[in-house]
Structure formats: C-alpha cells, structure tokens
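Participant: Before I ask anything, here is the structure I am working with.
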Amino acid sequence: MFGLGWFEVAALVVIALLVFGPEKLPQAAAQAGRTLRNLRRMANNAKEDLRTGLGPEFADFDPADLNPKNFVRKHLTADLEEEWDGARSAAALAAAPAPSSYAAEAADELGYGEIPPYDREAT
Numbered sequence: 201m202f203g204l205g206w207f208e209v210a211a212l213v214v215i216a217l218l219v220f221g222p223e224k225l226p227q228a229a230a231q232a233g234r235t236l237r238n239l240r241r242m243a244n245n246a247k248e249d250l251r252t253g254l255g256p257e258f259a260d261f262d263p264a265d266l267n268p269k270n271f272v273r274k275h276l277t278a279d280l281e282e283e284w285d286g287a288r289s290a291a292a293l294a295a296a297p298a299p300s301s302y303a304a305e306a307a308d309e310l311g312y313g314e315i316p317p318y319d320r321e322a323t
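Residues 201 to 323 in my numbering are what the sequence shown spells out, letter by letter.
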C-alpha cells in the first residue's frame, strides 16, 4: 500500500491515535475515505471528459501513455518488439526441437549458485 511496510502503517496508526484521539479517529477515517473516493471519481470524470472532447480519433487514448517511459516504449520500440517477436516465432517454427534435444536443453540450465543473466529493460 503506497510502498509502505507493515511497520510504517502501524506507526501511522499510532500517530493518528495520538493526534485525533480514539473518539474522533473513526470520523477522520470516514472523511478521508470520502475524500479519496471523491478524488478518484473526479479523476475518472476528467479522463472521460478528455476522451469525449478529443473526439473519435482518440478513442483509444490513455493518459498513462503520456508518461515518458510508456510513450517511448509505445511509439519508438513497438516496431522493434514486433520484429523481435516475429523473428523469434519464425525461428521457433523453423527449428522445432526434437525429443532427443532434452539433454541439450538441460545443459543450458543454471547450476547451483549461478546467477541468471539480468536484463534491465525487462523489469
């Protein structure tokens, strides 16, 4: 929840008890929940207003695509990923593994204590 661990959540609960007191804490929690629900509703309404205002040309518009990381991934590397997937599937169809190739696949497995390769772009 928001990148917080159980210890941090417990500390926030204790601080809230000290600040609001046990008699006003349920009211404060209810008000915070209503505020969060209203903010979420306002954000969804703003998204829908933006989609209807842009017209049918942008029916598949997603505001998350405005994030630079998503934008670059979608617009600059989409063609590369399609080519890679196409080449990989063509190679897989061309070289169907034989039943006797199981021993060769087992040789490619990592041994005890070996570190697997790390791809920064895959995470």
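C-beta atoms are modelled at their ideal positions from N, C-alpha and C, and glycine is treated no differently. No experiment lies behind these values; they were computed from the predicted model shown.
1) Where do the ends of the alpha helix (DSSP H) carrying I215 lie?
2) Flag this pair as yes or no: are the beta carbons of K247 and P222 separated by less than 8 Å?
3) Pick helix, strand or coil for G311, following the three-state DSSP scheme.
4) Closest to A232 by C-alpha separation, out of G205, E257, A216 and D319, would be which residue?
5) Compute every distance between the C-beta of H275 and the non-hydrogen atoms of the ligand NAD, then say whether any falls below 7 Å.
6) Please name the residue in G311, V213, V272 and M242 whose C-alpha comes closest to that of E321.
7) From which residue to which residue does the alpha helix (DSSP H) around G233 run?
8) For N270, which of helix, strand or coil comes out of DSSP?
9) Quick check: the Cα distance between L254 and D319, rounded to an integer number of angstroms?
Facilitator: Once the coordinates are examined:
1) W206 to F220
2) no
3) coil
4) A216
5) Ligands are entirely absent from the displayed structure, and the ligand NAD is therefore not among its contents.
6) V272
7) L225 to L254
8) helix
9) 38 Å
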